[in-house]
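Novice: Before I ask anything, here is the structure I am working with.
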Ligand code: PBG
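Residue numbers (the working numbering): 9 to 332.
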């Protein structure tokens, strides 16, 4: 009670503030999303994500070396698939010599200790831009599980440490876990996007991969952002099915969910600060409306405070350089 308690005492100098700080950001917190394209010597800026690039495999190699040198130890790989390789069942996803599979091998050959996490979902491979197989304008659940689990297996074979199903089909974690076990990939981890809201903040990402759905939206599989209890169900189901880490996304609009789940579940939580969040800050900063570095660190710190053990963020590299 005032005046016995004066809370400002603990804020009186930067030395004192550092002593009492509850959460710290470091290089150990980050997963770096990377976009990969076919070709040589390609570094093309993504029009919807200023200062973020799609890289060809040779430059990917260079990039992961650089990331490792500054202390970033985990990457999350997405590939831009050529139109001619897209179809309804996304069968290019199973090509053991596909772009994703080659990317995994190159990273593992270049920096063997780098944790390689791969996106598992059909949308970049789908001629409809949906995360599953489409029939009569519906995204089918169970037939999609077959291909997703084979896709995860092919990533594991190429050397992925973790697979990250981002599709939101029911039962995919179980199917992937069984497939990995049956093929002796007992150490391949699963980061499940358990709580993935149908968010308009993914817009810039879909431009990056040219993966916009060409009919309808993703609301029959991604979650309604009005819901909170459903997030608990999704997470508990996935833990039962064999997930090692639970992913929540988007980031800033889900701080309540991160906080809630960090009290309800005991496995690590990852959050994903998505493309729309990245681009909003970039543009506001470029216009001079916000201080980029300060807002970036503030937002990333909020994820830690909410209870995330790790953060997938397009800011990772800039943040880590700034922190050191
Ligand atoms: C693919 C996938 C998406 C994102 C991650 N994996 C897009 C989507 O579901 O439409 C979004 C990431 C971002 O916006 O940064 N299933």
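By construction, the Cβ of each residue, glycine as well, lies at the ideal position given by its N, Cα and C atoms. Since this is a predicted model, take the numbers as computed values, not measurements.
(1) Are residue 98 and residue 134 closer than 8 Å when you measure CB to CB?
(2) So for residue 281, helix, strand or coil by DSSP?
(3) Please report the straight-line C-alpha distance between residue 104 and residue 162, rounded to a whole angstrom.
(4) Could you round the C-beta distance between residue 322 and residue 257 to whole angstroms and report it? I think they count as a contact, below 8 Å.
(5) What residue ranges within the region 167-214 form continuous beta strand (DSSP E) runs of no fewer than 3 residues, ordered along the chain?
(6) Any heavy atom of the ligand PBG closer than 7 Å to the Cβ of residue 282?
(7) Once DSSP output is grouped into helix, strand and coil, what is the label at residue 152?
(8) Does the CB of residue 150 have a neighbour CB from chain B at under 8 Å?
(9) Select from 114, 125, 139 the residue whose C-alpha is nearest the C-alpha of residue 229.
(10) Label residue 16 either buried or exposed according to how many other C-beta atoms from any shown protein chain fall within 10 Å of its C-beta, with 16 as the threshold for buried.
(11) Quick check on DSSP: helix, strand or coil for residue 286?
(12) Are residue 198 and residue 184 closer than 8 Å when you measure CB to CB?
(13) Do the region 229-241 and the region 281-301 make contact, defined as three or more Cβ pairs closer than 8 Å?
(14) Pairing CB atoms from the region 216-229 with CB atoms from the region 63-77, are three or more of them under 8 Å?
(15) To the nearest angstrom, how far is the alpha carbon of residue 330 from that of residue 196?
(16) Would you please state the rounded distance, in angstroms, between the beta carbons of residue 219 and residue 284? I believe it to be under 8 Å.
(17) Report the three-state DSSP secondary structure of residue 132 (helix, strand or coil).
(18) When you compare only the Cα positions, how much space is there between residue 32 and residue 246?
(19) Do residue 147 and residue 85 have their C-beta atoms closer together than 8 Å?
(20) Of the residues 167, 166, 175, 303, which one's Cα is nearest the Cα of residue 152?
(21) When the Cα atoms are used, what is the spatial distance from residue 270 to residue 49?
(22) Should residue 190 and residue 142 be called a contact, given that it needs their Cβ atoms to be closer than 8 Å?
(23) Is DSSP giving residue 62 helix, strand or coil here?
(24) Which whole-angstrom value describes the C-beta separation of residue 118 and residue 168, a residue pair presumed to lie in contact below a C-beta threshold of 8 Å?
(25) Taking the straight line between their C-alpha atoms, what separation do you get for residue 3 and residue 260?
(26) Just how far apart, CA to CA, sit residue 164 and residue 216?
(27) Residue 41: buried (16+ other C-beta within 10 angstroms of its C-beta) or exposed?
(28) Which residues mark the beginning and the end of the alpha helix (DSSP H) in which residue 311 is found?
(29) Exposed or buried, which one is residue 131 when buried takes at least 16 other CB atoms within 10 Å?
(30) When you compare the region 17-28 with the region 293-310, are there three or more beta-carbon pairs, one atom per stretch, that lie closer than 8 Å?
(31) DSSP state of residue 227, grouped into three classes?
(32) According to DSSP, simplified to helix, strand and coil, what is residue 243?
Specialist: Considering the structure as presented:
(1) Between residue 98 and residue 134, the C-beta gap is smaller than 8 Å, which places the two residues in contact.
(2) strand
(3) 6 Å
(4) With a Cβ gap of about 13 Å, residue 322 and residue 257 do not count as contacting.
(5) Every beta strand (DSSP E) stretch that sits fully inside the region 167-214 and reaches 3 residues is listed by chain position as 170-173, 197-204.
(6) Indeed, a heavy atom of the ligand PBG lies less than 7 Å from the Cβ.
(7) helix
(8) The structure shown has no chain B; it contains just one protein chain.
(9) The candidate whose alpha carbon is nearest that of residue 229 is 139.
(10) Residue 16 should be labelled exposed.
(11) helix
(12) yes
(13) no
(14) Contact between the region 216-229 and the region 63-77 is absent, with fewer than three C-beta pairs closer than 8 Å.
(15) 32 Å
(16) With a Cβ gap of about 15 Å, residue 219 and residue 284 do not count as contacting.
(17) helix
(18) 29 Å
(19) no
(20) 175
(21) If you draw a straight line from the Cα of residue 270 to the Cα of residue 49, it comes to about 42 Å.
(22) no
(23) strand
(24) Taking a contact as a CB-CB distance under 8 Å, the pair residue 118 and residue 168 does not count as one, their CB atoms being some 15 Å apart.
(25) Because the chain in this structure spans residues 9 to 332, residue 3 falls outside the shown range and cannot be described.
(26) 25 Å
(27) buried
(28) 300-314
(29) buried
(30) no
(31) coil
(32) helix
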